[in-house]
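Colleague: Below are the structure tokens for one structure; questions will follow.
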Amino acid sequence: MEVTVKQFVKEFKQQFQSMYAYSYEEGSNEQLYNALGLLVKNYISSYWKETREKYIKNSVKQVYYFSMEFLPGRQLRSNAYNLGLLDVVKEGLSELELSFDQLAEAEADPALGNGGLGRLASCFMDSLASLGMAGNGNGIRYQYGLFRQKFVDGYQVELPENWLRYRNVWETRNDKSTCMVRFGGNVWLEENHQGHLVPHYENTLNVLAVPYDTPMVGYRNDTVNNLRLWSAEIPVEEEANYHTIEETEPIKEITQVLYPDDSNYEGRLLRLKQEYFMVSAGVQSIIRHFRKYNVPRKNIPDKVAIHINDTHPALVVPELMRILIDEEHLSWEQAWEITFKTCSYTNHTILREALEKWPIDMMKELLPRIYMIIEEINNRFVENTLPLYGERITWQTAILQNGVVNMAHLAVIGSHSVNGVAKLHTDILMNDVLKDFFELYPERFNNKTNGITQRRWVHLANPELTKLIDEKIGENWKLTPSELKVFKGFEKDKDTLNKLTDVKLKNKKRLADYIKEVKGITVDPNALFDVQIKRLHAYKRQHLNLLHILHRYLEIKADPSADYVPRVFIFGAKAAPSYHYAKQIIKVINSLADLVNNDPDVGDKLKIVFFENYGVSLAEKIIPAADISEQISLASMEASGTSNMKLMANGALTLATLDGANIEIKDFVGEENLFVFGLSSKEVYELKANQSYQARELYESNPKLKNVLDALTSGTIPNLQDEGYALFDSLVNFNDEYFVLKDFASYVEAQNKVDDLYKDQNEWARKSLLNIASSAPFSADYTIQRYADDIWKVRSCVEEDEG
Ligand code: 26M
């Protein structure tokens, strides 16, 4: 959009004054940021309105991405950039002697998600808008985001994340579009005078769902989509029934806080309330739209696609059925046809303990009408399946099993499309986790490998690299990521390689300064920066990384004067508060860091930096400075991974097992340009099947490994309680569930190859360049285009405009 620097400066001063009634010169960073954010939002608002109107006028098909989590990251820079205003804003502020970077840091980073799944949802929102597709987000406006992580004496401590403290300039409370969501009570069906069976409700708890809308700004295409997050409130007309603050708690708590566990499902009633609350409000507002514009109900699948992000919003299926039957008076068959054509589902995990299974009794009591419908879906499913496929398959795939509602089964049965998030993951779904369903409905299964938005993760996070690429191949790659492959042509160009090395060094210096500032640790920017950033989980094997570092430390101690390639090991990871083992791993890494970072024998040869409170904003600082990307999950366990894509796009070389999207990274960049180690998923399956794995044998037969493991319990690492023993026990005495010891030797070998290559800076830079140039297929724009073509059947509205 067109705004001059002069105009911006004037409007910014006015904006500030109208908000705070004094001059901007006296403003705090928070105040200045708020004023700037609101001004940018003003610029956005006309596009937001026009986009909405255009979708309605052309009655285009709309996607609703239902997700319990969104991790948008800070939005000021990204919104200004996508609008084409970033340079004007920066220049205007510097005329006022203000620093854009400083103000941008004052924005709270909304941590409304746990990790990969939530961040993927936000990358998808960015791509939908940037492709000019009508895509809406539907989720929860948690009052507190994912806990803020602190280390106290090396232990993780969780603090509340009050992200709304200084207000949120991007959201608009929309009191016109509230919905009522009902919980509990009694329900019975009665025939009305038209002969419809209609439900009657008594003693329900009624909760008002209030939407807060946030603009999702497309990249220079005048498109602004909507992210709608719901907040729970007491219905105004029922306020008089609540006599004390305590009585209002059960309502307010529904949207108070995000559940912080991303890998272990606990069947908590409040979580089920959250899921239904978000689903019901979202579906109601979709149907209200159709009523308002008089769309024949049978056309719903032509006008809307509802996407179910993991099973968390799977109640969409019975909720849509409920509204179509109870409120729209369609027959079961008509309603089912619409529902299943409208819904699609993505699976994000094969971890059994993460699969949602709600106790039937809980579901019945909290959502009596929804449970009736689930029961009917299940009965009809069983009736149809039993005669065709027999007992075994039918009972294995039923929704109701042993007193629980199997949410994955509900999602698969209620959707026309089921996808995994990387090729290997989809294969595992088809051959293992959802095997029986693949036999019933092979046509529903498809793969959609994840992607990331280069706008946030390269253009904005790594401006120096972006400039270099622009300089070499022009700017087309920004709109057409596949053009990045042109950069491959520079793999032998000395000037490009030197500049690439310079860019990386600059980014590393910046990160080194930041490490000094927040951790007080001095690191050498010329050392190799080795990065593992992701949630802490045994299957992701941060402890394999730990064992290797410990191994290095012992080697250095044994021979301090030998020649070592200096390394900085960088971690960012939150553990679920209830995940004791993950927290023990954090403690051991932190204690080892204390030892290593303060040992004069070690010096710059080895440093360990474990950042606190890893999240989107920290990732933006770390990723551009990474040399090595650690993707070391046990093969078959990581559905896709997305930090692997972000790091690759920023020139880090991948050190990986053949898991998730690592396999596709290898295919695109070529195996000579990354470091692969460890068991293949096939080998993992075989080892598990024949139960032949004996971790203790490895401990006893490999002296180096024994040395390392013994160091966990020998007092070498200072300040531990029983954490070293806990690790040792799990690996040696409890047979090492994730085959850490099995992969240790090949991991160490791969790490040594990393060192060797790093000694040849030119060759390193060449491989780094090839990684950058091969990263385009992981653009979320392509991923979204495939969802749009294959699953949602939606098209860009921007193309249509231009004829
Ligand atoms: C479930 C029930 C109750 C409370 C929380 C949950 C829950 C929340 C988040 C379960 C799983 C959650 O996230 C899983 C996740 O982030 N999976 C990751 O998804 C990424 C995007 O597809 C993949 O790249 C990662 O491989 C996968 O681990």
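Residue numbering for the sequence shown follows our numbering, starting at -10 and increasing by one per position. No residue lacks a Cβ here, since even glycine has one placed at the ideal position from N, Cα and C.
As a quick exercise: from Tyr155, Gly463, Glu150 and Lys139, pick the residue whose alpha carbon is nearest that of tyrosine 22.
Modeller: Here the question's residue 22 lines up with position 33 in the sequence shown. When only C-alpha atoms are compared, the closest one is Tyr155.
Colleague: For serine 690, collect the residues of the same chain with a Cβ closer than 8 Å to its Cβ; drop the 5 residues on either side in sequence, then sort them by chain order.
Modeller: Counted from its first residue, the sequence shown places residue 690 at position 701. Answer for serine 690: no residue qualifies.
Colleague: Could you check which residue in Asn439, Ile402, Ile621 and Gly440 has the C-alpha nearest to that of leucine 423?
Modeller: Here residue 423 refers to the residue found at position 434 of the sequence shown. Nearest of Asn439, Ile402, Ile621 and Gly440 to leucine 423, Cα basis: Ile402.
Colleague: Indicate whether leucine 716 and leucine 701 have their beta-carbon atoms separated by less than 8 Å.
Modeller: Translated into positions along the sequence shown, residue 716 becomes position 727. Translated into positions along the sequence shown, residue 701 becomes position 712. It is a contact, given that the beta carbons lie within the stated cut-off.
Colleague: Here's a check: name, in chain order, each residue in its chain whose Cβ is nearer than 6 Å to the Cβ of isoleucine 761, leaving out the five neighbours to either side.
Modeller: Position 772 of the sequence shown, counting from 1, holds the residue named residue 761. Cβ within range, chain order: Gly640.
Colleague: Could you check if leucine 186 is buried or exposed, using at least 16 other CB atoms within 10 Å of its CB as the buried criterion?
Modeller: Within the sequence shown, numbered from 1, the residue matching residue 186 stands at position 197. Label assigned to leucine 186: exposed.
Colleague: With respect to 7 Å, is the separation between the Cβ of leucine 106 and the closest non-hydrogen atom of the ligand 26M below this value?
Modeller: In the sequence shown, residue 106 corresponds to position 117, counting from 1. At least one heavy atom of the ligand 26M is nearer than 7 Å to the Cβ of leucine 106, so yes.
Colleague: Return yes when at least one heavy atom of the ligand 26M lies under 7 Å from the C-beta of asparagine 435, else no.
Modeller: Translated into the one-based positions of the sequence shown, residue 435 becomes position 446. Result no, Cβ not under 7 Å from the ligand 26M.
Colleague: Helix, strand or coil: which one does DSSP assign to glutamate 150?
Modeller: Numbered from 1 along the sequence shown, position 161 holds the residue referred to as residue 150. Three-state DSSP puts glutamate 150 in a strand.
Colleague: Could you pull out every residue in the same chain whose Cβ sits closer than 8 Å to the Cβ of arginine 775, ignoring the five residues on either side in sequence?
Modeller: Looking up residue 775 in the sequence shown gives position 786. Cβ within range, chain order: Lys437.
Colleague: Can you tell me the Cα-Cα spacing of arginine 137 and asparagine 408, whole angstroms?
Modeller: Indexing the sequence shown from 1 puts residue 137 at position 148. Indexing the sequence shown from 1 puts residue 408 at position 419. The straight-line gap from Cα to Cα measures roughly 32 Å.
Colleague: CB-CB under 7 Å to serine 669, same chain, minus the five flanking residues each way: which ones, in chain order?
Modeller: The sequence position of residue 669 within the sequence shown is 680, counting from 1. Within the same chain, serine 669 has close Cβ partners Ala624 and Leu647.
Colleague: Looking at phenylalanine 518 and aspartate 616, is the spacing between their C-beta atoms short of 8 Å?
Modeller: Here residue 616 refers to the residue found at position 627 of the sequence shown. Here residue 518 refers to the residue found at position 529 of the sequence shown. Cβ atoms of aspartate 616 and phenylalanine 518: closer than 8 Å.
Colleague: Let me confirm a value: lysine 505 is counted as buried when at least 16 other C-beta atoms fall within 10 Å, else exposed. Which label applies?
Modeller: On the sequence shown, residue 505 is found 516 positions in, with the first residue counted as 1. Exposed: under 16 other Cβ atoms inside 10 Å.
Colleague: Counting only the same chain and skipping the five closest in sequence on each side, list residues whose C-beta sits under 7 Å from that of leucine 148.
Modeller: Along the sequence shown, one-based indexing puts residue 148 at 159. So the qualifying residues of the chain are Phe136, Arg137 and Lys139.
Colleague: Where does asparagine 639 sit, in a helix, a strand or coil, going by DSSP?
Modeller: The count along the sequence shown starts at 1 and reaches residue 639 at position 650. Note: asparagine 639 maps to coil in three-state DSSP.
Colleague: Between lysine 477 and leucine 746, what straight-line distance do the alpha-carbon atoms span, to the nearest angstrom?
Modeller: Here the question's residue 477 lines up with position 488 in the sequence shown. Here the question's residue 746 lines up with position 757 in the sequence shown. Cα to Cα, lysine 477 sits roughly 19 Å from leucine 746.
Colleague: By a C-beta neighbour count over all protein chains shown, 10 Å radius and 16 as the cutoff for buried, is arginine 280 buried or exposed?
Modeller: Your numbering for residue 280 matches position 291 in the sequence shown. Its Cβ having fewer than 16 others within 10 Å, arginine 280 is exposed.
Colleague: Would you call the segment 584 to 595 and the segment 150 to 169 in contact, with 3 or more CB pairs under 8 Å?
Modeller: No: the two stretches stay apart, fewer than three of their Cβ pairs being nearer than 8 Å.
Colleague: Given this structure, state the Cα-to-Cα distance separating valine 306 from glutamate 365, to the nearest angstrom.
Modeller: Against the sequence shown, residue 306 aligns to sequence position 317. Against the sequence shown, residue 365 aligns to sequence position 376. Cα to Cα, the separation comes out at about 12 Å.
Colleague: Tell me whether glycine 134, by its Cβ, gets closer than 7 Å to a heavy atom of the ligand 26M.
Modeller: In the sequence shown, counting from the first residue as 1, residue 134 sits at position 145. No; taking the cut-off as 7 Å, the Cβ of glycine 134 has no heavy atom of the ligand 26M nearer than that.
Colleague: Given a cut-off of 8 Å, decide if glutamine 64 and tryptophan 159 are closer than it, judged by their beta-carbon atoms.
Modeller: By 1-based counting over the sequence shown, the position of residue 159 is 170. By 1-based counting over the sequence shown, the position of residue 64 is 75. The answer is yes: Cβ separation under 8 Å.
Colleague: Counting only runs that start and end within the segment 408 to 447, where is the alpha helix (DSSP H) found for 4 or more residues in a row?
Modeller: Within the segment 408 to 447, the complete alpha helix (DSSP H) runs of at least 4 residues are 412 to 417 and 424 to 429.
Colleague: Closest to leucine 377 by C-alpha separation, out of Leu429, Glu342, Ala411 and Met361, would be which residue?
Modeller: By 1-based counting over the sequence shown, the position of residue 377 is 388. Measuring from the Cα of leucine 377, the nearest candidate turns out to be Leu429.
Colleague: In this structure, how does DSSP classify serine 735 when only helix, strand and coil are distinguished?
Modeller: Numbered from 1 along the sequence shown, position 746 holds the residue referred to as residue 735. Three-state result, serine 735: helix.
Colleague: Can you find the residues in the same chain that come closer than 6 Å, C-beta to C-beta, to asparagine 496, ignoring five residues on each side of it along the sequence?
Modeller: The sequence position of residue 496 within the sequence shown is 507, counting from 1. Correct list, in chain order: Pro613 and Ala614.
Colleague: Between the Cα of glycine 62 and the Cα atoms of Tyr190, Arg556, Thr203 and Ala10, which residue gives the shortest distance?
Modeller: To locate residue 62, count along the sequence shown from 1; it is residue 73. When each option's Cα is compared against that of glycine 62, the closest is Thr203.
Colleague: Can threonine 646 be considered in contact with the ligand 26M, in the sense that its beta carbon sits closer than 7 Å to one or more heavy atoms?
Modeller: Against the sequence shown, residue 646 aligns to sequence position 657. Outside the cutoff, so no.
Colleague: Distance check for isoleucine 652 and alanine 562, CA to CA, integer angstroms please.
Modeller: The sequence position of residue 562 within the sequence shown is 573, counting from 1. The sequence position of residue 652 within the sequence shown is 663, counting from 1. Using only the alpha carbons, I get a separation of about 23 Å.
Colleague: From what residue to what residue does the beta strand (DSSP E) around tryptophan 177 run?
Modeller: Counted from its first residue, the sequence shown places residue 177 at position 188. First-last of the beta strand (DSSP E) with tryptophan 177: 175 to 180.
Colleague: Check the DSSP bridge columns for tryptophan 219 and list the partner residues they point to.
Modeller: Here the question's residue 219 lines up with position 230 in the sequence shown. According to DSSP, which records beta bridges pairwise, tryptophan 219 is partnered with Ile129 and Pro200.
Colleague: Anyone know if the C-beta pair for leucine 642 and phenylalanine 657 falls short of 8 Å?
Modeller: Residue numbering aside, residue 642 sits at position 653 when the sequence shown is read from its first letter. Residue numbering aside, residue 657 sits at position 668 when the sequence shown is read from its first letter. Taking 8 Å as the Cβ cut-off, leucine 642 and phenylalanine 657 do not qualify as a contacting pair.
Colleague: Note down the Cα distance separating aspartate 250 from methionine 626, rounded to an integer number of angstroms.
Modeller: Counted from its first residue, the sequence shown places residue 250 at position 261. Counted from its first residue, the sequence shown places residue 626 at position 637. Answer to the nearest angstrom: the Cα atoms are 17 Å apart.
Colleague: Can you round the beta-carbon distance between asparagine 439 and alanine 411 to whole angstroms, since I take them to be within the 8 Å contact cut?
Modeller: On the sequence shown, position 450 is the one that residue 439 refers to. On the sequence shown, position 422 is the one that residue 411 refers to. Rounded, the Cβ-Cβ distance is 7 Å, consistent with contact.
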